[in-house]
Amino acid sequence: MEFHIQKEPLLKALARIQTVVERRNTMTMLGTALLEAQDGRIVLSATDLEVSLRTTCAAEIIHEGTMALNAKTLFEIVRELAPTNVVFRMETESRLILLAGRARFELAGFPIAEFPKIPQAEGERFGFEHALLAEMFGKTHFAMSSDDSRFTLNGVLFQLSPPSDDSESPKVRMVATDTHRLAMVEKPLQREIAELREVIIPKKAVFEMRKVLEEDQEPMEIIMGTAHIQFIKSELTLITKLIQGRFPDYRRVIPSQNSIRLSMDRLELDSVVKRISVLSHEKSRGIRMNVHGSLMKISSNNPEQEAGEEEIAVQFDSEEPFAIGFNARYLRDILTAMEGVEVRFVFNNDETPVLVFDPNRNDALFVLMPMRV
Amino acid sequence: MIFFLLHACHGTGPDVMRKIIHIDMDAFYASVEQRDNPAFRGHPLVVGGRSARGVVAAASYEARKFGVRSAMAMQKALAQCPNLIVVPPRMAAYKAVSQQIQAIFLEYTDLMEPLSLDEAFLDVTTNKKGMVSASMVAQEIRARIRQQTGLTASAGVSINKFLAKVASDMNKPDGFTLIAPQQASSFIATLPIEKFYGVGKVTATKMHAMGIKTGADLLRRPLVELETAFGKTGRFYYQIVRNQDDRPVDPSRERHSVGTEDTFEQDLRDPDALLARLEFIVHEVVRRMEKCHFSGKTLTLKIKFADFRQVTRSRTSDRPIMDAAEMMAIARLLFRRIAIPPRGVRLLGITLSGPCQNAPGTWRQLTLPYFNLEDDHHNPATPIRIHANHENFL
């Protein structure tokens with residue numbers, strides 16, 4: 013194997029696979045990247061056996077071939093190279109020479125037969141708008157659970173559903189919850205959906221997808237299988253195992269009896285919460301909201317007896333004063349995921365689930381559980 | 068094999084006899100290592116740290132023939148079995164298997180309570196497959212675990228958690244035991260007291276001293292005597308020996324603490340000797356913590372003096388206490404603050420608690436009510452709409 017390649021596209025490809033490779037290196041091969049040189053390009057693959065990523069970049073191929081190299085070492089070397097042409101030359105199956113300007117590196121190659129086979133999702137392939145996918149992941153990812161004992165919550169539920177009656181269009185929906193909060197986003201889909209399909213995309217894949225979606229505006233294609241889901245754009249394929257199990261009934265989490273409404277400017281609330289939470293207890297991040305008439309006071313204090321408070325104007329439809337506590341970080345996760353000018357809270361009391369949404373849109377809904385002192 | 072049927076009518080009333088299964092993977096961590104590395108198969112193997120103070124987290128059945136047990140100091144294990152293969156733990160691999168088996172359990176019932184990565188209670192009184200025989204369910208689950216993971220599990224079936232747990236331990240490895248309702252009382256009567264769940268070395272010795280060697284002996288003791296000797300746990304023993312164990316299989320049960328304590332054969336006075344014992348306790352706590360995947364921020368040190376006087380000291384860290392070194396550093400700090408009386412110490416214990424056990428006056432995050440109940444899973448076919456202004460939610 014021998015090829016010549018520009019530093020920048022190579023570095024971009026190597027950067028993409030860094031978070032996919034297994035950091036803890038339980039198997040040596042999971043720390044490696046597979047380089048395949050063929051047809052005027054190289055294909056780089058990495059996997060942790062759950063999430064796999066393949067990416068390509070153009071190269072001048074002198075001799076075709078395949079090698080497996082330590083992904084982190086290669087990335088760290090290439091990152092530090094001057095912007096130049098890099099030469100990869102396989103000496104033997106276990107030795108690679110990398111030349112760049114006056115620099116020369118000898119790297120160990122790993123047996124390519126041991127590199128795990130990257131699976132392929134099997135199922136229907138369909139296109140998906142970039143902005144739609146980015147928005148949906150963006151509005152749900154933060155609510156995924158990190159608690160491994162409830163593994164069906166360690167990801168985002170991705171659901172395609174047929175119209176429920178003639179007047180409706182098919183829907184795509186994403187839902188995530190960590191049992192303290194829930195985020196749900198739903199969009200009409202301009203394509204036929206014959207039957208309901210739903211999968212749970214694991215957390216790591218969601219984070220990788222968010223990175224991929226940030227790179228450009230290119231539309232994605234999706235292959236949704238029963239064991240895997242695959243996201244494809246030119247030069248990149250991300251494939252992940254799906255979480256096997258049933259997502260809990262999220263509809264039952266959404267309160268139906270709430271009646272106390274409170275609305276305000278979303279960005280103003282976010283900046284007040286950001287300031288006030290500096291003095292909240294560093295573990296719990298608890299802040300208090302006291303509403304009376306058209307004013308809401310947001311306050312916090314910490315074990316060192318420091319305290320802060322600030323008032324903002326609100327629309328409140330109850331005569332009675334109302335007080336409730338929230339985790340400031342959870343609240344800000346929701347406020348930052350939203351886009352509109354206004355945010356509305358609908359309460360029942362200070363110990364039951366609270367609805368949070370943009371009153372001028374109907375595509376996203378959040379449920380947040382309060383905190384108690 | 069003849070399958071006994073647990074007779075029960077369907078329903079959820081309090082009088083319905085329950086069908087509880089306890090599933091326990093055999094030598095879990097060690098079996099996963101042997102599965103993934105053919106060279107390890109048939110050889111004595113332990114999972115754990117090789118360092119001077121390393122502790123055995125799991126031992127293969129081959130290693131157990133040499134007397135190697137989990138929680139044993141690694142040095143001792145190596146002394147008893149010089150050819151012992153020592154493998155560092157791969158929690159990610161064990162967690163992956165745990166997810167596989169939990170997914171199998173959930174196909175039969177949502178009333179599944181995991182006790183750790185490799186152990187769970189299932190209530191299959193009414194199950195998703197409509198199977199009448201809990202034995203059939205247990206055997207089917209064992210077969211599927213073997214087929215899907217290549218590992219063996221033992222199962223116990225009975226009318227409550229206590230008996231199901233005792234049953235699963237009867238025919239290990241790869242075993243199955245049913246304690247049918249009509250056998251329950253005679254079974255408990257002949258059960259050696261050491262086999263009672265929750266009776267460890269120390270309690271067993273105390274029971275023996277009281278003349279209690281079997282369930283039948285325990286049955287004859289009045290409640291007041293057991294409560295005097297064992298406190299709250301005494302009442303528990305009193306009830307379970309009478310088949311009164313109505314603890315539900317609770318899918319949302321969260322562990323609040325992990326701890327262990329050690330009563331010494333002789334009271335200890337030398338601070339260095341006490342610190343050495345403390346270090347052993349720390350490793351055992353870490354082992355248990357990893358086993359049930361628990362993390363906590365508050366460490367509590369308990370010291371019982373020779374005169375039975377007891378003090379506890381605790382300290383809360385700003386992030387979860389994860390490893391033995393960190394835990395030992397805190398334990399040592401707490402230990403140094405306690406004056407050791409001349410007659411010495413009879414017991415040391417360490418408990419790691421949190422995240423729920425906050426000090427009073429601090430904030431507590433509430434959980435969405437549905438997840439406290441965790442009943443059925445959703446029916447995805449039922450539509451849900453987010454209307455403009457969400458009037459349907461108000």
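Chains as they are written, first to last, in this note's numbering: chain A, 13 to 385; chain B, 68 to 461. Glycine included, C-beta positions come from ideal geometry on N, C-alpha and C.
Proximity test, Cβ basis, 9 Å: residue i and chain A
i	result
Thr-434/B	yes
Tyr-437/B	yes
Lys-364/B	yes
Gln-147/B	no
Arg-136/B	no
Gln-424/B	Low per-residue confidence applies at Gln-424/B: pLDDT is 36, beneath 50, and the placement is therefore not dependable enough to give any value.
Arg-355/B	no
Arg-209/B	no
Gly-428/B	Summary for Gly-428/B: the model assigns pLDDT 47, below 50, so the residue's position carries little reliability, and this model does not support an answer.
Gln-166/B	yes
Arg-431/B	yes
Leu-293/B	no
Ala-398/B	no
Leu-173/B	yes
Ala-170/B	yes
Ile-87/B	no
CB of residue i within 9 Å of CB of residue j, strictly
i	j	result
Gly-150/A	Ala-335/A	no
Arg-101/A	Ala-155/A	no
Gly-223/B	Met-203/B	no
Ser-64/A	Leu-347/A	no
Leu-56/A	Leu-42/A	no
Ala-80/A	Gly-52/A	no
Leu-172/A	Glu-233/A	no
Asp-261/A	Arg-344/A	no
Glu-351/B	Thr-327/B	yes
Tyr-264/B	Lys-299/B	no
Glu-363/A	Leu-433/B	yes
Ser-271/A	Phe-359/A	yes
Arg-117/B	Asn-227/B	no
Same chain only: Cβ atoms within 7 Å of residue i, ignoring 5 sequence neighbours per side
i	result
Tyr-305/B	Leu-290 and Leu-293
Pro-427/B	With a pLDDT of 37 at Pro-427/B, under the threshold of 50, the modelled position of this residue cannot be trusted; read the value that follows with caution. Cβ neighbours of Pro-427/B beyond the five flanking positions: none.
Ser-165/B	Leu-184 and Asp-185
Glu-126/A	Met-41
Spatial neighbours of residue i in its chain, beta-carbon cut-off 8 Å, leaving aside the 5 residues before and after
i	result
Glu-207/A	Pro-174
Val-135/B	Pro-111, Val-113, Val-123, Ala-126, Ala-144, Gln-147, Cys-148 and Leu-151
Ile-257/A	In the sequence as displayed, the identity of residue 257/A is Gly instead of Ile. Closer than 8 Å at Cβ, skipping near neighbours: Phe-163, Thr-164 and Ile-212.
Asn-425/B	Any reading at Asn-425/B is ruled out, since the residue's pLDDT is 38, under 50, leaving its predicted position unreliable.
Arg-107/A	Glu-118, Leu-119, Ala-120 and Gly-121
Tyr-437/B	none
Arg-211/B	Ile-171
C-beta neighbour in chain B for residue i, strict 9 Å
i	result
Val-285/A	no
Thr-189/A	yes
Thr-364/A	yes
Phe-163/A	yes
Lys-215/A	no
Lys-295/A	yes
Asp-261/A	yes
His-192/A	yes
Arg-384/A	yes
Val-63/A	no
6 Å CB neighbourhood of residue i in its chain, flanking five on each side removed
i	result
Lys-86/B	Leu-73, Val-191, Thr-192 and Ala-201
Ala-376/A	Lys-151 and Val-197
Glu-103/A	Ile-109
Do the region 214–231 of chain A and the region 16–32 of chain A touch if we need at least three Cβ pairs shorter than 8 Å? With a cut-off of 8 Å, the region 16–32 of chain A and the region 214–231 of chain A count as touching, because enough Cβ pairs lie within range.
Does the region 136–153 of chain A come close enough to the region 222–240 of chain A to have 3 or more Cβ pairs within less than 8 Å? yes
Evaluate contact between the region 69–80 of chain A and the region 226–244 of chain A, counting only Cβ atoms and requiring at least three cross-stretch pairs below 8 Å. no
Whole alpha helix (DSSP H) runs in the region 200–262 of chain A with 4 or more residues, listed along the chain? 215–227
Which runs of the beta strand (DSSP E), 3 residues or longer, sit entirely within the region 99–137 of chain B? 112–115 and 123–126
Only counting runs of 3 or more residues, tell me where the beta strand (DSSP E) segments fall wholly within the region 286–326 of chain A, in order along the chain. 298–304, 307–313 and 319–325
List in chain order: all unbroken alpha helix (DSSP H) runs of 4+ residues lying wholly within the region 40–127 of chain A. 83–92
Where are the beta strand (DSSP E) runs, 3 residues long or more, that stay fully inside the region 340–405 of chain B, in chain order? 363–372 and 377–388, all fully within the region 340–405 of chain B.
Any contact between the region 368–382 of chain B and the region 408–423 of chain B? By contact I mean 3 or more CB pairs, one from each, below 8 Å. yes
Inside the region 293–341 of chain B only - beta strand (DSSP E) runs reaching at least 3 residues: 324–335
Mind the definition here: the region 211–220 of chain B touches the region 98–108 of chain B only if three or more C-beta pairs lie below 8 Å; say whether that holds. yes
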